[in-house]
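Single-structure report; data block below.
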Amino acid sequence: MLANGYAMIAQVRFRELKTRIGLAAFIAVTAWFMTHTLWSAVWFGAVVATQALDWIVFRPLRKRPDIEPSLGYKIALCATASVNVVIYSGIAAYLWTAGGDAGRLFATVQVAGGLLHVSLHMHHVRPLLLAAVIPHSLYFLGMPVVGAIVDGKPQEMLIAVGGLLYMMHLIVAVRQSSMTTTALQTANAEARRERQKAEVASAAKSEFLAVISHEIRTPMNAVISAANLLRRTRLDREQREHVSMLLDGGDVLVGLLNDVLDLSKIEAGKMTLESSVMDLREKLGSLGRLWGPKAEAKGVRLKIEIEPDVPDCVRTDPLRLQQMLFNLLSNAVKFTDEGSIAVSVDWSAEDSRLTIAVVDTGCGIPADRLAGIFDSFEQVDAGTTRKYGGTGLGLAISRRLAEIMGGSLTADSVEDQGSTFVLTLPMEPVAKPAAETRRRAAPQAGLQGKVILAADDHAVNRRILSLLLEPHGCTILLVENGAEAVAAARTQRFDAILMDMQMPVMDGLEASAQIRAGGLNRRTPLIALTANAMDVHRAAWDATGVYAFLTKPIDPALLAATLAEACAQAVDEEEAQMV
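Quick note on this note's numbering: the sequence shown kicks off at 52 and runs consecutively.
As C-alpha cells, then:
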C-alpha cells in the first residue's frame, strides 16, 4: 500500500487514542472486580506505555502524510502494532485463567471485539493488518485450546472451532468491506475527475460566451447605431420602413443574445440579484406606453389595472422585474390578434407579495403542451417559431428568475380563447423617495456646452459616438486607448468620461483607476460603455466606482440621458462643496 494508506491508519489511531485508553480503564476495573488482584492495574500501566509508544512511532506519518515509509519504518510500525495488541489483549489470557466462567466469557468477547476493530480499521494496509490480527488470533484460538488441554476437557475445543468460524466470517466481511471501500474510493475519484472536467468545461463555456457576446455586440453596435442615425435624416416612407426593419431585427438579435447569456448564468448558478427602490406605478406605466401602441397596431386594446392598495414604491430588482413583465407582455401582444390584453396588479399586505396577472384573448395553448412552455427552447409547435419567431427562452428565464426571487410564475390557458400568466413576487413596500436633484436637473440642463472624453479603440464606434452626441450641443474628445484617456484627463477638465473596456496599450479598467487616483478628473463621472456585458464585467466596473454601466449596442436615448444626469450630478456636488 502506498504512503496514504499508512498515513490514514496513523490518523485513525491518533483519533481513537483516548477511546482505547478509556476502554482499557474500564477493562481494568472489570478485571479487578473479577479477580481482586493488582494485575489489572499493572496491565493498565503497560497499556498506557504501549499507547504512548504507538503515538510516538506513528507521529511522523501524521505530520507528513505524503511521505513514503522506508522498509525499516514499515517494520517499526508493524512491530509497534503487534506489541500493542499483545499487551492490550494480554488481560484476556489472565481473565481466562483467573476469572472463572465470567472471566472466560469476558475474555472471549474482548478479543473478538479487538479482532473486529483492527480488521475494519487496518485492512487498507496488509502488513499492519497481519501484525495486529495474528496476536489477536493466537489469543482467540489459543485460550480455549490451551484451556481444554490443561483442564482435560476436550469438549472445550468446540470453543476454538466456534472462534475459527467467527474468524472465517470476519475475513469475508472484511474482504467485502475492503471491496466496498475500494469501489467507493474509485467512484469518489471518478466523481472528482468529472467535477473538475465539468468546472473546466463551465469555465470554457463562460469564456466562450463572453467572447461571443463581445464580438457580436461590437458589429451590432455599428448596425443599430447607424440605423438610429439614419432615422434622424430626411427619409421617405419606404426608406423609413427599411430603417425600422433594421432596428427591429437588431433588437431581436440583441434580445436573443441577452436571453442566452441570462440562461447560461441561471444554469451555472451565477445569477445575481440587485435590490433597490423602484417606483412600481411608473414602471408599469412605462411598459404600458411601450406595448400599448404595438398592441393597438394589431387592433388589440391593452389596459393596466392597479388596485388602490398596491404600494407606490417597492424594494426589488427593477431590471429583472422589468425583464419578466417585458417577456409576458411581448408574448401577449405576439399571440393576440384580436380582443384585449389586461394587466391586473394586486397586493397582499399579509405576506408582502405583489401579484401581476397578464390575461389575453389570443390563440391560447393546448392542454397537452401547457406544462412544457416553461422549458428552455420550448414552444407550442414548430409552426410557432415560423409564424411568430422567438426561441422559447423568454418564459423559461422568467420562471427561473421568479423562483430565484422567491416567487412563482404560473400559466393557465384554453386553446382559441386566451391565456393567463400570473407572476407572484415577495417585495418590501417602501416610502416614495424625494425626487433626486440630478434627475430633475438632467432634462433641464441636457448636454449643451458639456465636454465629454470618450475612449474606444474602434474607429466606427468613435464615429458613432460623435454623430449621436454632438447634435446635443456637447463637445467630444475621442481617444483610441486607455493610455491616451489618462493623458487627456491630466491636462483638461471634462464634464463626463465614456470608457470602453477592452483596448490596446491600456484597458479601460486600468485607465479608470489611474484617473481616479488623482488629477483634474478624479471626481468626474465615469461611465462604462462596453460590449463586455457579463456580470463579472459589471462587477469589475463597479469596483472602480463608475457612475453607470452601459452596454453596446448603444441606446441613444439612454446614453444621452445618462450623460446628462452624470453631468448634472457633478454640478450639484461642486455647488454643495462650495457651500
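Don't be surprised by glycine CBs; every beta carbon is placed ideally from N, CA and C.
Nothing here was measured: the structure is a model prediction, and the numbers come from that model.
Contact check between the segment 179-186 and the segment 206-214: fewer than three CB pairs, one atom from each, fall below 8 angstroms, which does not count as touching.
The beta carbon of T101 sits closer than 6 angstroms to the beta carbons of V134, N135 and I138 from its chain, once the five residues preceding and following it are set aside; these are given in chain order. CA-CA distance, V305 to G445, rounds to 13 angstroms. Of the other Cβ atoms in all chains shown, fewer than 16 fall within 10 Å of the Cβ of N239; this residue is therefore exposed. In terms of Cβ geometry, V537 and A562 form a close pair [threshold 8 angstroms].
Closest option to I78, judged by alpha-carbon separation, among T406, G141 and T581: G141. In terms of CA proximity to Y145, M194 leads the group M194, I503 and L341. Comparing alpha carbon positions, the residue from M585, V225, V410 and S403 closest to S395 is V410.
Distance check between H187 and each of G559, L221, G154 and P344 places L221 closest, using alpha-carbon atoms only. Here H588 is buried, its C-beta having at least 16 other C-beta atoms within 10 Å. The segment 272-283 and the segment 598-608 touch, with no fewer than 3 CB-CB distances between them shorter than 8 angstroms. The closest CA to that of R110, considering only I357, G123, Y57 and D152, is found on Y57. Comparing alpha carbon positions, the residue from R371, C129 and G415 closest to R450 is R371. Within the same chain, and ignoring the five residues on either side of P369 in sequence, the residues whose Cβ sits closer than 8 angstroms to its Cβ are E325, S327, M329 and K334. Between G570 and the set G164, G390 and R544, the nearest pair of CA atoms involves R544.
The residue from C618, M554, Q290 and A594 with its alpha-carbon nearest to that of N572 is C618.
D419 sits in a helix when the DSSP states are folded into three classes.
By the neighbour-count criterion, in which 16 or more other beta carbons inside 10 Å mark a residue as buried, D360 falls on the exposed side. Look at G390 here: in three-state DSSP terms it is strand. Secondary structure at V361: coil, using DSSP grouped into helix, strand and coil. A contact between stretches requires three or more CB pairs, one per stretch, nearer than 8 angstroms, and the segment 577-585 meets this requirement with the segment 546-558.
In this structure G458 is in contact with T475, their Cβ atoms being roughly 5 angstroms apart against a cut-off of 8 angstroms. Per DSSP, the beta-bridge partners of D330 are C364.
Here S464 carries a strand assignment [DSSP, helix/strand/coil]. Residue pairing from DSSP places T471 in a beta bridge opposite V410 and D463. The alpha-carbon separation between R420 and K501 amounts to approximately 56 angstroms. Across the structure, A234 and R244 are spaced so that their CA atoms are roughly 15 angstroms apart. By the Cβ rule, the segment 338-350 counts as touching the segment 384-394, because three or more pairs are nearer than 8 angstroms. Residue D463 holds the alpha-carbon nearest to the alpha-carbon of A418 among D463, M375, L380 and N378. The DSSP-derived three-state label of E292 is helix.
For the options R332, G203, T323 and D117, the alpha carbon positioned closest to that of K483 is the one of R332. By the Cβ neighbour-count rule, A540 is buried, with 16 or more other Cβ atoms within 10 Å of its own.
By the beta-carbon neighbour count (other beta carbons within 10 angstroms, threshold 16), Q206 is exposed. Taking the Cβ atoms as the reference, L560 lies roughly 6 angstroms from T595, within the contact range of under 8 angstroms.
Each of L528, C525 and M554 was checked against the Cα of A534, and the nearest Cα belongs to M554.
Taking C-beta separations shorter than 6 angstroms and ignoring five residues to either side along the sequence, L89 has no partners in its chain.
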